[in-house]
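Enquirer:
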Amino acid sequence: MKAINRLIQYFTAVIFIISGAVKLNDPYGTAIKLHEYFEVFSSDFTPLFEYLVPFSLFFSVFLSTFEIVLGIALLIGWRQKLTLKLLAAMVVFFGFLTFYSAYFNKVTDCGCFGDAIKFTPWQSFGKDMLLAVFIFYLIFVKDIGKILSVPARGAIVALSTVACLFMAYYAIEHLPFVDFRPYKVGANIPTDMQPSEPFRYAYTMEKNGRKEVFENYPTDTTYKFVSMDLLNPEAQPKILDYSIWNDDGDFTAYTFDGAKLLVIINRVEESDLHALADIKALVDEVREEAEPLLLTSSTTEQLDPVRHEYQLDFPFFFGDDTVLKTIIRSNPGIVLMKDGTILGKWHYNDTPEKEDILELINNS
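Heads up, the sequence shown is in the UniProt record's numbering, so the first residue is 1 and it goes up one at a time.
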C-alpha cells in the first residue's frame, strides 16, 4: 500500500510541476488564455470580471508559480496538510474552468499545458478529475513520503518560488525559453499552411433505412447523405489563420517572397513604443538585404502618428491580433523570414545587430 501511495504522490506532484512549468515558460500565452476566461465570465456572470483583464499577466505568473511550488512541496513532503488543502482548492478551481469550457463550449483550449500539449476541454476536465481523486485520496490516507530534513524542505520550497519568479520575469522581458507554437524558428509558414497529406473522409449514407459508410462518395444518387468524418485529422495544417492584408488586397504570399524583416506591433496602445528607435536603426541598416514590413492589428489612424514620430518609412500591413501575438510574444517584436521560413525572432529588449541578420540570411 505504501508503494501505491508513493506512486500517487509522485505522479500528482510531477503533473503539477510540468503543467506549471510549461505555462511559466510562456506567461503571455497563459495571460491570453486567462483574458479569454475573464471575458467569458464577464459576459456570463458579472461585468466585474472585466476589471481582472488588466491583471491577466499577474494571475498568469501567480497561478503558474503556485502550481510548480505546490507540486514540489508535494514531491518532497513539505507541510502535508497545507499542501494537500491548497492542491485540492487548485484542482477544484481548474476543474470548474475546464468543465465550464467543455459543457458550454466557451474556451475550446484551456491551456492546461500551454502550447506544448493540446487537450480538448473534456480531456482537460478528465485530467483534473483524476488529479482530484488522487489528491483527496492522499488527504484521506494521510500518508505522504518526506524527503530531506524539515529545514531543507522549507529551503527548497523557498528557492523554487524565487526560481519560478525569475523564470517568469525572463520570459516576459525576452521570449519563452522553448517555443511550442507553430511559428517557431525553423518553421516554413507556407508549407505548414498546407495539409501534410490528402484528407481522407468517411461518408455515412442512408438507403432503404440502412446506413452504410464509404471512403469514396457513392455515385448512386439513391443514397441520402447523413454525415462526413475526417479519417486523418493529424494531416490538418499546423497553421490555419496566417493572413496579411491592406486596403489594396491580400498580401499573405508577398510576405513569403525573399528575405523579409517583420516589425510586429499588435495594438499600438499596448506597445512599448520607446523600443522603436532601436528597431528603426536596425531596419535602416539591413533594408537592402531584408525588406522591412510593418504588421499591425491597429487601425491606420492609430498607427500613423507612431509611424510619423519614429519615421517608420516602410510598408505596413494588417494582421489578426491573436495571430500576431502567437507569432511573437513581444510588442513590438522582430521576425526575420526568408521564403516563408522563420530564421529568427527577437524581443524588443534583444534587438539584434546587423551582423546577426546577415549571418542568418547568408546561412539559410
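Each residue gets a CB set at the ideal place from its N, CA and C atoms; glycine is no exception.
1. Per the DSSP calculation, residue 259 is bridged to which residue(s)?
2. Is it the case that the Cβ atoms of residue 76 and residue 6 are separated by a distance below 8 Å?
3. Quick check: residue 325 and residue 363, are their CB atoms within less than 8 Å of each other?
4. Could you check the C-alpha separation between residue 43 and residue 146 for me, to the nearest Å?
5. Leaving out five residues before and five after residue 215 in sequence, what residues of the same chain have Cβ atoms less than 8 Å from its Cβ?
6. Check whether the Cβ atoms of residue 259 and residue 338 lie closer than 8 Å to each other.
7. Going by DSSP in three states, residue 192 sits in which element: helix, strand or coil?
8. Give the DSSP bridge partners of residue 347, in chain order.
9. DSSP has residue 292 in a bridge; who is on the other side?
10. Measuring alpha carbon to alpha carbon, tell me which of 343, 132 and 19 ends up nearest residue 187.
11. Under 8 Å between the Cβ atoms of residue 248 and residue 323?
12. For residue 37 versus residue 329, is the C-beta distance shorter than 8 Å?
13. Between residue 361 and residue 290, how many whole angstroms is the CB-CB distance? I'm expecting something under 8 Å.
14. Return the residue from the list 20, 298 and 150 that minimises the CA-CA distance to residue 165.
15. Report all residues from its chain with a CB closer than 6 Å to the CB of residue 352; omit the five preceding and five following residues, and keep chain order.
16. Nearest CA to the CA of residue 320: which residue from 333, 302 and 295?
17. Assuming residue 218 contacts residue 228 under a Cβ cut-off of 8 Å, what Cβ separation, rounded to an integer in Å, is found between them?
18. Given residue 236, which residues of its chain have a CB within under 7 Å of its CB, disregarding the five upstream and five downstream residues?
19. Classify residue 149 as buried or exposed, calling it buried when 16 or more other Cβ atoms lie within 10 Å of its own Cβ.
20. Could you check how far apart the C-beta atoms of residue 102 and residue 119 are, in whole angstroms? I think they sit under 8 Å.
Expert: Per the coordinate set shown:
1. Answer by DSSP bridge pairing, in chain order: 338.
2. No, the pair does not count as a contact, with Cβ atoms beyond the cut-off.
3. No. Outside cutoff.
4. Cα atoms of residue 43 and residue 146: separation of roughly 45 Å, rounded to the nearest angstrom.
5. So the qualifying residues of the chain are 200, 201, 202, 203 and 231.
6. In this structure, residue 338 lies closer than 8 Å to residue 259 by Cβ.
7. For residue 192, the secondary structure class from DSSP, reduced to helix, strand or coil, is helix.
8. Paired residues: 333.
9. Residue pairing from DSSP places residue 292 in a beta bridge opposite 261.
10. For residue 187, the nearest C-alpha among the options comes from 343.
11. Inclusion of residue 248 and residue 323 in the CB contact set at 8 Å is not warranted, their separation being larger than that value.
12. In terms of Cβ geometry, residue 37 and residue 329 do not form a close pair [threshold 8 Å].
13. That belief holds up - the Cβ atoms of residue 361 and residue 290 are roughly 6 Å apart, short of 8 Å.
14. Nearest in C-alpha terms to residue 165, of all of 20, 298 and 150, is 20.
15. Taken in chain order, the residues that qualify are 346.
16. The shortest C-alpha separation from residue 320 is found at 295.
17. The pair is not a contact, with the Cβ atoms about 12 Å apart (cut-off 8 Å).
18. Excluding residues within five positions, the ones whose Cβ falls inside 7 Å are 195.
19. Exposed, because fewer than 16 other Cβ atoms sit within 10 Å of the Cβ of residue 149.
20. The Cβ separation is near 10 Å, so there is no contact.
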